[in-house]
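From first to last, the protein sequence lines stand for chains C and S.
Residues in the first sequence are numbered consecutively from -13, following my numbering.
Residues in the second sequence are numbered consecutively from 11, following my numbering.
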Amino acid sequence: MTRVLFVMLHPGFIRYYEDAIRALAGEDRHVHVAFEVSGTKLGADVAAARLASSSPYITCGTAPTRAESVRVFLSRGDRTATRSGAADAAGAGRRDRAWESLATTVRLLLDYLRYFEPVFASAGSLRMRAEKRLPRVYRAPVARLARRGRWARAMLSWTLRALERTMPPNRAVEAFLREQRPDVLLVTPLVELGSQQVDYVKCARRLGIPSAVCVASWDNLTSKGLMRVVPDRVIVWNEVQKAEAVALHGARPEQVVVTGAQVFDRWFQARPGRTRDEFCRMVGLDPARPIVLYVGSSVFVAPDEVPFAERWLARLRGAADFTVAEAGVLVRPHPANANQWRLLPPAPGVAVWPPIGTDPTHPDFARDYFDSLYHSAAVVGVNTSAQIEAGIVGRPVLTIRAREFAHSQAGAPHFTHLVREGAALVRAADTLDEHLHQLSDALAGRAPLDEARRFVGSFVRPLGLDVPAVPAFVAAVEALSRQGGSAAPDPWWAAAVRPGVWAVARVAHLLAEDRPLWVYAVRPLITAGVWAAAAVYGVRTAWSGGGRLRVKRARRAAGRLWHQSRRSAGRRLDRASRPVRAVMRGALRRLAGRGA
Amino acid sequence: MTTLLVRRRRPLLVVRPDGSTPGALGLDLAIALARARQAGADVCLLPPPTLCDPALFALVPADRRRVEPRAFHRAWLRARWRARDAAASIGRRAAAGRRSFWLELYRELRRHAGDERLPYPLRARLRTWAQRWFARASAAAEGPTRPIDRRLLERPVPISLPPALEASARSDASALGVAPPRRTVAIDVRTGVDRLHDTVRALAAEGITVVRLGEGGEDRLDGPGVVDLTAAKDRSPALDVFVRQHAEFLVCDTADAQHVAYATGTPCLVLDAVDPVASYPARRDGLYMLAEAVDLDSGVELPLEDRLGPEYLRDPSRYGRRRNTPAEILAAVRELQAGLREGFRDTAAQARFRERVAAACARQAPRGRDAGPAGGGFAGSGRLARVQAERLA
């Protein structure tokens, strides 16, 4: 039986691979899904439990606990925190913590460095996001160096990659892989900022286990971190991502497998669960009027989306085209950014659906979502994967290039995929007036859908519109497991320089605290002071808690001993001197007798 | 803002305002001119390194002399001001260093206090010491902040543009049909302009021209009696100041615009205010309306007690905001007009609200440049719009 180990950052990634995992698991293949972080956000834990119960060949569990996770690394560097946790105790964990600190630092530095490349020139907010994760002490020097040009960046990157190679394999991860004995290792997403999943790829390579990264979403290769160590296979959706994997992550073209987007397969088969009348009644809109669906975006893309939506609604209601002005508007908040929609004032002909706080793991959630798309005449959003889903369902998709979202539209490389000339899924307008014209066309059925169809064909199902992605994904994993792998030990020089790098790791561990540098100088004194105080305290406690009595007793015993020994010595002396004294007495008596 | 009072036959107040934003410049100018009036001094404004609005910087007080020193005298004053500023800066940095020092020591002790290998009573004692050092850090943080006396802003200082700028701005304004004696109202609202349509219509019905200023956005404010200067690409900064200065009042939705109004002496209605204390109008002819603060987790509106509490005031951005409605805005504009015409009279609710804000102002530690409690909890002489005060207070 083939054993597949699928390491995910958190259970939220199940939604991208649920169908693929079910298809992979079977009598001849067991899939174990391990989560690095167990999360309950958006019901991810429920999804994991559901997946595990769906087949006897699927199991879910946790990945080994890290000596220092990325989360702990970041929280140690939080200057606003008034508690900085316990002192770094010596022991076995200390070594692992130091290496983990160095690994996270090196990976965060690489991730930060990539955003200085010319291709990310307009991605200022992505660079800032990467910068925020880095301890302050590194930011300015790295930025200065990175701005010096391509060669400076290349040198720094080479150094950091060399450091990555010298680090020893993570013991916990290696033990976990030995215990699981997988035939194939899959990881996702691998490209989170500072991701520790690199250790899985490195250990798998060391143990001769073939590995693959599964690129979960369309923005993963451009808006997050680097792969750092490229696994044997990179499983991507389409040719665009393949080009990104090669150009931006250093993968070889033969390593990259294009399968299509597994997450969207179900959208090609889905059918509406309700009639239009039923749906409109449920959400509270007039069935006689066309529905414009506004799809909300994530927190990073649109942290403050409601004022924009209000402005858009006001212009919509004032549109010259009566159909546009009178259209029903259905707002669908992003599940992870829903709370802000509580601020949207109620208005006639506007509905927020599903209600904020709806459980996203509920079986009806996906059905409601599909119905929302299916019964709408046009879909509007800022920058979200819901726009791709709308394209699959065949609805015209529109957006407005708004000033407040410049960071997540012009400043996000993945947005350009949606609006690429010749194969644009989304019709982007520079002004609300232009948008209203486009919307008017869409509601009248005049919107061109050819380009959107071409986009879906090339971006979502590049192997053919009728060819689902899940079987292609399964085939890619099968091929990888058949291919097998050979153990690749660490290079000889890595072990040679490791003792020197260990000192660097200790420094990285300290600097991760992000404290002013004088603190590190003062720390030994404070630590010595505290331990001296502890020693004094220990002595005092020992003294007051029975020590004094013991000394008293000992003194008494010594006195007694002295007294007794003095007495016995006196007696012995007396006894020993008795003959002498008798002789002396006799001699004295004789002398006295002579005298008389 | 560092000020230098040069004592001589006629005292001279030397100031270099912060010219990075119009709001900062406006506030510094208003305070500098008020201080000069208080000290009976002339005023000398040194140009800041970045000057966002030259026309605003060029304003001249009507009741005292604005000295423009030349050559050596100018260099001498600048050197003295720099020395004073450097001393203040060293003081600020030293205080920041002190704060950082005690805070880091506090964190070090807390770090050891969490070490379970140490005996418990020692850890408890470390915690006590740490707390003491934390208190020192907090005290050091309060030290360098010199709260601005909001009373200084209470009375406007009469100002005007220099004659050349005034003439050019007047001719520009005449060309647009917004020069005096035409009655104008200035609007500097960046978001949700569509809410102002009712107000604009009502003002137009009275023969008042509404002039839209500021950065603007994609939202349009059109209709009869509206001049949208945000669309005018090559408008001069002097025109902006001129319009603000001669407008009957200003409707705005940012602290920046409110601060510029303090400098130009324009009565002001602030919409969608987030911080009930910092945004409270300092002047009697000021009015403001609070945006509704909503707890996003529950969707419930925050009651006034919570909005005046330290938790909310520490970081209001954690809460959602619902903006003022068109009806509220119209009512507030009507109230402002009536007040300007007949004099402002507070209702019981408005007076009650002011007392509560003043109490909150006195309670809170100095926060930033204009929210200090100097003057024994004086928040301002303005008021919350009646339409909200009746509901909130």
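Where is the CB? At the ideal position from N, CA and C, for every residue including glycine.
The model shown is predicted, which means the values in this text are computed figures rather than measured ones.
- Here the alpha carbon of S:A106 sits roughly 22 Å from the alpha carbon of C:R125.
- About 4 Å separates the CB atoms of S:R331 and S:A301; that is less than 8 Å, so the two are in contact.
- Identification of chain S residues near C:Y43 by a Cβ-Cβ cut-off of 9 Å yields none; the smallest Cβ-Cβ distance measures about 40 Å.
- At the C-beta level, C:D185 and C:N156 come within 9 Å of one another.
- Residues of chain S whose Cβ lies closer than 9 Å to the Cβ of C:N325 are, in chain order, L306, D307, G309 and G330.
- Linking S:T335 to S:T209 through their CA atoms gives a straight-line distance of about 11 Å.
- Taking the Cβ atoms as the reference, S:R222 lies roughly 12 Å from S:L213, outside the contact range of under 8 Å.
- About 5 Å separates the beta carbon of S:W91 from that of S:V24, a gap short enough to meet the 8 Å contact definition.
- Put simply, of S:L15, S:L61 and S:L239 the residue whose alpha carbon is nearest the alpha carbon of S:D28 is S:L61.
- With a cutoff of 9 Å on beta-carbon distance, S:G233 and S:T219 are scored as not near each other.
- Taking all protein chains in view, the Cβ of S:Q48 is surrounded by fewer than 16 other Cβ atoms within 10 Å, so the residue is classified as exposed.
- Taking 8 Å as the upper bound on Cβ-Cβ separation, chain C lies near residues V304 and L306 of the stretch 292 to 306 of chain S.
- Closer than 9 Å to the CB of S:R222 there is not a single CB belonging to chain C.
- Considering only beta carbons, the part of the stretch 484 to 512 of chain C lying closer than 7 Å to chain S consists of R501, P502, V505, R509 and I512, in chain order.
- Measuring C-alpha to C-alpha distances from S:A288 to each of S:A361, S:L163 and S:A358 identifies S:L163 as the nearest.
- R509, I512, T513, V516, W517, A519, A520, Y523, G524 and T527: these are the residues of the stretch 509 to 537 of chain C whose beta carbon lies less than 9 Å from some beta carbon of chain S, given in chain order.
- Interface residue (Cβ-Cβ distance to chain C less than 9 Å): S:L162 is not classified as such.
- Comparing alpha-carbon positions, the option among S:R26, S:R94, S:A342 and S:L281 lying closest to S:E400 turns out to be S:A342.
- For the pair C:V365 and C:L279, the CB atoms are nearer than the 9 Å cut-off.
- Between S:L312 and S:V397, the alpha-carbon positions lie close to 18 Å from each other.
- Identification of chain C residues near S:D204 by a Cβ-Cβ cut-off of 7 Å yields A300, ordered along the chain.
- Taking a C-beta distance under 9 Å as the contact criterion, C:L112 and C:G397 qualify as a contact pair.
- With a 10 Å radius around the Cβ and a threshold of 16 neighbouring Cβ atoms, C:S197 comes out buried.
- In its chain, beyond the 5 residues on either side, V24, V25, R26, L87, R88 and W91 have a beta carbon closer than 8 Å to the beta carbon of S:L56.
- Shortest Cα-Cα distance from C:R526 to any of S:A372, S:A123 and S:P129 involves S:P129.
- Here the C-alpha atom of S:R20 lies approximately 26 Å from the C-alpha atom of S:Y272.
- In this structure the stretch 146 to 160 of chain C lies against the stretch 483 to 496 of chain C, because at least three pairs of beta carbons, one per stretch, are closer than 8 Å.
- Near chain S, meaning a CB-to-CB distance below 7 Å, no residue of the stretch 310 to 323 of chain C qualifies.
- Counting only runs of 3+ residues, the beta strand (DSSP E) found wholly inside the stretch 25 to 67 of chain C occupies 44 to 48, in chain order.
- In this structure, the beta-carbon distance from C:D290 to C:Q326 falls below 9 Å.
- CA-CA distance, S:V203 to S:G353, rounds to 28 Å.
- When C-alpha distances from C:A237 are compared across C:S362, C:M213 and C:L60, the shortest belongs to C:M213.
- For the 9 Å CB-CB criterion, C:L96 and C:L(-9) do not form a contact.
- For S:I197, the secondary structure class from DSSP, reduced to helix, strand or coil, is strand.
- Between the C-alpha atoms of S:D95 and S:W112 there is a straight-line separation of about 26 Å.
- The stretch 231 to 255 of chain S is shown to contain whole beta strand (DSSP E) runs of 3 or more residues at 236 to 238, in chain order.
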